[in-house]
Structures are given as C-alpha cells and as structure tokens.
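Numbering (the numbering used here), first residue to last: 3 to 334.
As structure tokens, this is what we get:
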C-alpha cells in the first residue's frame, strides 16, 4: 500500500514539475515573441499582404492565450488554484472564452493557407479573393462562427465534484458527464485540431502545386516581380512550419480528451488517476507551444521577417536613445 502511495506522490510531483517547466518555457519567451510578431506584422511592408493580416489577427488572439489563458492554467494545473472551481459564472465564462479564442487562432492560420492558395492560382477569378477586403471579412466571420460553435459550453459546463490526483474529492469545472462530455471532446477535436489541420494541409499542398506549375510556365520576371515572388515563397515557408507545429502540438491533447470522455464512467484506482492526470496535464500544456512559438518559427524560416524584426528593434532602441537624450538635456 505504501508503495502505491509513494508512486502516486511521485507522479503528482512529476506532473507539477512538468506543467510548470513547460508553461514557463512557453510563457516567458512567448511574451517577447508575440509582441515582436505583432509589431513586425504591423509594419506597412508586411501589412499590405492579405496573408499577413490573418497572421496578425492570429497573433493578437494568441496574446489573449499568452496573458490570460496560460497564467490561469499555470495556477490551476501547477498549484491547484482556479476560481472557476468555486464560482459557477467564472466556470462558464472561462471555459467558453478559452476554447473559443484558441480555435479562432487556429482557424486564422488555416485561412492564411487558403489565402496563399488563392494568391498562387493561375485563375484570375480565384486570385481576386486574395485581398485585404476578403481577409477582413473572413476574420470577422471566423470570430462569429467560433462563438456560435462553442456557445453550448456556458450551458452545459458546471462545477462538479470528483476525485483528484491525490485521491481527494474536490470541485472542478467540467462539462456534464455522459453524452455531452463525449460530444464536446469530439467537437473540440474537430474544430480546434482536425478541420483546421486538414484545411492547412490541403491548401498548403495545393499552393505548393500552384507554385511549381507557375515556375514551369512563367517567363523571365522583372526585379519587382522576383521580389514579390520571393516574399510570397517565404510567407509560404513560414506558414508550412507553423502548420506542422500546430498539428503536432494540438493533436495529442484532442486524442486524450476523446479517450477521457469515452472512459469517464469507468472506476479508477488512485494510481490510475495519477497516471491519467500526468498524461492529461502534459498534453494539455504542450498545446500552448502552438500559440507561443510563432515568432521563433517565422524568424527561422523567413528572411523578410528577420529583416523587419531588425528594423523594429532598431526603431525601438532609436526611440529609447532619443528619449534618454531628451531627459538628459532637461536634467541639465
């Protein structure tokens, strides 16, 4: 018995350490990365591209994940502190907003892939839809659609009591057990991982096919055309890296949620609960890499992005030196 208790304690300690380490690895570099991403995408040379508008909107959604969702999850999963466990209203609002914003961020990346396909098409009617006007419309529709898709969560999420990883009956904010818990697990896997992932893969592949075809038939280009093509190719590489990272980071969590829903009514030992708690919190925390790693992927894969980062940093330091000079003059 003592051996089992020791194993449970070790698993719980490992869970806390893993959650905190992964969370802080996401949180601290993520703050700098997302702020710089927004600053770079806001530059005129970048903002003229409709694809960049999707990336900018996705980065803004990820700022909510970085500054709201992740700190709440660190407190909840690492220290067991979450107001949603004790307040019914917070429980409903928290789950609804967290799921909705994260799905919005994923879908905006998917639509950026669609935009690249439209932009690379030889059909002028399709290319016409790759525009800033279309991007603004799609972003607005995406926000409304994801809000409607997850509107069921405030209705069915309640505070319930169950045995935690320490074997103690404790409150938790969760969906109603039974049919709804299975439904919302599959629903979230569908709209957060599978569907946006499929859109990314399909339209990313079609874009690559379009580009290869255009290279075979396109005559010699002017310098401006070559620069535009090089920029578009870099945007495609940036998107491809992000797509692979998003799918890899979110799919394990969705699969686990579906497994947990199908086995929710099965009785578990204290050791089994601790093992599942370790698996659940690990795959859940890994999903935050999909929302906080964009800047570093873009920096590695896009030279135009790196150049804009240097310009932004140079401008910031120039302003800082200018303000420091003003303060120095005023003090004298």
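Note that beta-carbon positions come from the ideal geometry of N, C-alpha and C, so glycine has one too.
Please give the ranges of any alpha helix (DSSP H) in the region 41-119, keeping only runs that are unbroken, at least 4 residues long and fully inside the region. 46-49, 52-66, 72-75
Buried or exposed: where does residue 30 fall if 16 or more other Cβ atoms within 10 Å of its Cβ makes it buried? exposed
Any idea if residue 180 is buried or exposed, counting beta-carbon neighbours within 10 angstroms, 16 or more meaning buried? exposed
The region 39-50 / the region 272-286 touching (three or more Cβ pairs under 8 Å): no
7 Å Cβ shell around residue 100 - same chain, five flanking residues per side excluded: 71
Whole angstroms is fine: what's the gap from residue 251's alpha carbon to residue 129's? 32 Å
Please state the DSSP three-state secondary structure of residue 252. helix
Find out if the Cβ-Cβ distance for the pair residue 1, residue 53 is shorter than 7 Å. One cannot answer for residue 1 here, as it falls past the ends of the chain, which runs 3 to 334.
Exposed unless 16 or more other CB atoms sit within 10 angstroms - verdict on residue 73: exposed
Other residues of its chain near residue 262: CB distance less than 6 Å, five sequence neighbours each side excluded: none
When 117, 153, 124 are compared against residue 138, the one with the closest alpha-carbon: 117
I need the straight-line Cα distance from residue 294 to residue 39, nearest angstrom please. 10 Å
Where residue 21 and residue 13 are concerned, what is the direct C-alpha to C-alpha distance, given to the nearest angstrom? 12 Å
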